[in-house]
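Colleague:
Protein chains in written order, with my numbering: chain A, 84 to 304; chain B, 93 to 161; chain C, 572 to 780.
Below, the structure written as structure tokens:
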């Protein structure tokens, strides 16, 4: 059995190196010269046989299964991260126009805010349309539970409603072309998928989406 | 969808103010509206400058919403 | 695969994969959860309010919003408490008109059930009200509707809130079996066809998303 030395010891002097070489020589049985069999015509050469013994034979499809399995595993982890962490989604539509482009713009969602956790008035959220199963909508939050909001477009009428418990009131940034709470009323907070925190294009131009509720620059009566 | 909402004109707002979303009488009471902080949120009315030309410039005019908190 | 590239130990990948499989399965394929409360008696957990015993129920979570049908028992996020799930039976689908069978109980003034009259009163349904269920919504009620908080209190719920469909009782052993579907409540439902609001149709009357 060969004796292993750490580099520090083996560097300390020639004596140890000498001892090590002796020890290995003593323990290793002397190699016996093997009689080489005569190579026959229709048999694989001994080199080929040796190679096939070193690497266990594996059917070709096993490799494919292993690669597909690894890929499925990684995509499953990625899916769970995009369900509970962050996800990137393609958007479309003119309802958020000056903030988010009408087409081909991507948004980054924070899924921590799903079901309305820590959402404030002025945030942009992505939620499921309460009228259409599975359709995702992106709008700005105008009212949270208990708040009093305008029911219709500002300037058209002065009818107000109180947002019921567990609901929020939404409005698109492009008030001229937006189907929001003015049509379907208050939306359950549980339909919120996440908060939109950034938007941009694959080619670049990424920017943060900020809460635009702020103190007025000038006093407007 | 919640039960039908009770719409009211904005002039009735001071009467509704002391109640929470569940109809509870709030304690402590919020102060009068004029003492709440004034906030604004700017939204827009955006449309194509020419109706039938999809390549036309998009023109946005601001719609200001005022908030009291 | 890239073990020669990354130095992350293999067990971290394995733990992440295990947790992901568990989360994915319980969110998108199936879940078994206990039913507490008396609202679904006698179908589920019939003796919960007296002895505290409860049923474990198997829910499928495959495309719940698309596949939920009238008469099925579904689990959903409650509209008034966004972090709470509830289990009720679908009584009416979108487009139907429901004649509400009992007064809605809302938490009103000082936490008293029944709401309050006056300026701060929150609207709630009254027995005999006619409610038409909007598109993409369903009307849900507990089988024990007098002791349940359901659509009579918070109105029709969006199908987007539905998270699963109850299929089997898996525990206790003497109650193992599949759950019957079908409407048993006395609530009157007038069938109808659901319609989207006019804003969803363009000038050529085509539905636009």
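Glycine is no exception: its CB is placed at the ideal position from the N, C-alpha and C atoms.
What does a CB cutoff of less than 6 Å around residue 713 (chain C) pick up in its chain, not counting 5 residues either side in sequence?
Modeller: Correct list, in chain order: 610, 611, 659, 719 and 721.
Colleague: At the level of alpha carbons, what is the spacing between residue 735 (chain C) and residue 601 (chain C)?
Modeller: Residue 735 (chain C) and residue 601 (chain C): Cα-Cα distance of roughly 8 Å.
Colleague: List, in chain order, every chain A residue whose beta-carbon is nearer than 7 Å to that of residue 132 (chain B).
Modeller: Those within 7 Å of residue 132 (chain B) in chain A are 297 and 299.
Colleague: From this set, A:181, A:147, A:169 and A:163, which residue's C-alpha is nearest residue 260 (chain A)'s C-alpha?
Modeller: The candidate whose alpha carbon is nearest that of residue 260 (chain A) is A:181.
Colleague: Step through the CB atoms of chain A and report whether any lies within less than 9 Å of the CB of residue 728 (chain C).
Modeller: Yes, its Cβ sits closer than 9 Å to a Cβ of chain A.
Colleague: Look up residue 651 (chain C) in the DSSP assignment and say whether it is helix, strand or coil.
Modeller: In the structure shown, residue 651 (chain C) sits in coil (DSSP, three-state: anything other than H, G, I, E or B).
Colleague: Quick check on residue 741 (chain C) - is its C-beta less than 9 Å from some C-beta in chain A?
Modeller: No, residue 741 (chain C) lies away from the interface with chain A (no Cβ there is under 9 Å from its Cβ).
Colleague: Where do the ends of the beta strand (DSSP E) carrying residue 174 (chain A) lie?
Modeller: Here the beta strand (DSSP E) through residue 174 (chain A) covers 169-175.
Colleague: Kindly say whether residue 591 (chain C), judged by its beta-carbon, lies nearer than 9 Å to any beta-carbon of chain A.
Modeller: Yes, because at least one Cβ of chain A sits closer than 9 Å to the Cβ of residue 591 (chain C).
Colleague: Between the stretch 635-665 of chain C and chain A, which residues of the former have CB atoms less than 8 Å from a CB of the latter, in chain order?
Modeller: Under the 8 Å Cβ criterion, the stretch 635-665 of chain C contributes 636, 637, 648, 649, 650, 651, 652, 653 and 654.
Colleague: Considering residue 773 (chain C), what are the terminal residues of the alpha helix (DSSP H) in which it resides?
Modeller: Looking at the DSSP string, residue 773 (chain C) is not in any alpha helix (DSSP H), and its letter there is neither H nor E.
Colleague: Let me confirm a value: residue 646 (chain C) is counted as buried when at least 16 other C-beta atoms fall within 10 Å, else exposed. Which label applies?
Modeller: Flag for residue 646 (chain C) reads buried.
Colleague: Assess, as a yes-or-no matter, whether the stretch 105-114 of chain B is touched by the stretch 219-231 of chain A under the definition of 3 or more beta carbon pairs within less than 8 Å.
Modeller: A contact exists between the stretch 219-231 of chain A and the stretch 105-114 of chain B.
Colleague: State yes or no: is the C-beta of residue 208 (chain A) within less than 9 Å of the C-beta of residue 278 (chain A)?
Modeller: Yes. Within cutoff.
Colleague: What are the residues in the stretch 698-723 of chain C lying within 8 Å of chain A by C-beta distance?
Modeller: So the list reads 705, 706, 707 and 708, given in the order they occur along the chain.
Colleague: Is there a Cβ of chain A sitting closer than 9 Å to that of residue 112 (chain B), yes or no?
Modeller: Judged by the 9 Å Cβ criterion, residue 112 (chain B) is in contact with chain A.
Colleague: Measure the Cβ-Cβ separation of residue 754 (chain C) and residue 727 (chain C) and say whether it is below 9 Å.
Modeller: It is not a contact, given that the beta carbons lie outside the stated cut-off.
Colleague: Tell me which residues of the stretch 612-634 of chain C have at least one Cβ-Cβ distance to chain A shorter than 8 Å, keeping chain order.
Modeller: Result list empty, no residue passes.
Colleague: Would you say residue 774 (chain C) lies against chain A (beta-carbon separation less than 9 Å)?
Modeller: Judged by the 9 Å Cβ criterion, residue 774 (chain C) is not in contact with chain A.
Colleague: Could you check the C-alpha separation between residue 205 (chain A) and residue 774 (chain C) for me, to the nearest Å?
Modeller: Using only the alpha carbons, I get a separation of about 32 Å.
Colleague: Which first and last residues belong to the beta strand (DSSP E) in which residue 735 (chain C) is found?
Modeller: 733-742 is the extent of the beta strand (DSSP E) around residue 735 (chain C).
Colleague: Helix, strand or coil, according to DSSP, for residue 626 (chain C) in the structure here?
Modeller: Note: residue 626 (chain C) maps to strand in three-state DSSP.
Colleague: Closest to residue 665 (chain C) by C-alpha separation, out of C:671, C:767, C:744 and C:715, would be which residue?
Modeller: Nearest of C:671, C:767, C:744 and C:715 to residue 665 (chain C), Cα basis: C:767.
Colleague: Below 8 Å on the Cβ atoms is my guess for residue 273 (chain A) versus residue 650 (chain C); work out the distance and round it to an integer in Å.
Modeller: So it is a contact: roughly 7 Å between Cβ atoms.
Colleague: Rounded to whole angstroms, what's the CA-CA distance from residue 148 (chain B) to residue 245 (chain A)? Just pull it up for me.
Modeller: Whole-angstrom Cα-Cα distance: 40 Å.
Colleague: Here's the rule: buried if 16 or more other CB atoms are within 10 angstroms of the residue's CB, otherwise exposed. What is residue 210 (chain A)?
Modeller: Label assigned to residue 210 (chain A): buried.
Colleague: Tell me which residues of the stretch 263-297 of chain A have at least one Cβ-Cβ distance to chain B shorter than 7 Å, keeping chain order.
Modeller: Taking 7 Å as the Cβ-Cβ cut-off against chain B, the residues of the stretch 263-297 of chain A that qualify are 268, 269, 295, 296 and 297.
Colleague: Taking contact to mean 3 or more Cβ pairs, one atom from each stretch, closer than 8 Å, check whether the stretch 158-171 of chain A and the stretch 192-200 of chain A are in contact.
Modeller: The stretch 158-171 of chain A vs the stretch 192-200 of chain A: in contact.
Colleague: Going by beta carbon distance, what residues of the same chain come within less than 8 Å of residue 290 (chain A), once the five residues before and after it are set aside?
Modeller: Taken in chain order, the residues that qualify are 281, 282 and 283.
Colleague: With burial defined as no fewer than 16 other Cβ atoms inside 10 Å of the residue's Cβ, what is the status of residue 222 (chain A): buried or exposed?
Modeller: Answer is buried; the Cβ neighbour count reaches 16.
Colleague: Checking contacts by CB at 9 Å: is residue 99 (chain B) closer than that to chain A?
Modeller: Answer yes: the Cβ-Cβ gap between residue 99 (chain B) and chain A drops below 9 Å somewhere.
Colleague: If you reduce the DSSP assignment to three classes, tell me which class residue 100 (chain B) lands in.
Modeller: Reduced to three states, the DSSP call for residue 100 (chain B) is strand.
Colleague: Please identify, using Cβ separations under 7 Å, the residues of the stretch 135-160 of chain B that lie next to chain A, in order along the chain.
Modeller: Residues 135, 136, 137, 138, 139, 150, 152, 155, 156, 157 and 159.
Colleague: Alpha carbon to alpha carbon, what distance is there between residue 761 (chain C) and residue 299 (chain A)?
Modeller: Each residue's Cα considered, the two are about 51 Å apart.
Colleague: Buried or exposed: where does residue 640 (chain C) fall if 16 or more other Cβ atoms within 10 Å of its Cβ makes it buried?
Modeller: When all chains shown are included, residue 640 (chain C) counts as exposed.
Colleague: Counting only beta-carbon separations shorter than 9 Å, does residue 146 (chain A) have a partner in chain C?
Modeller: No, no contact with chain C.
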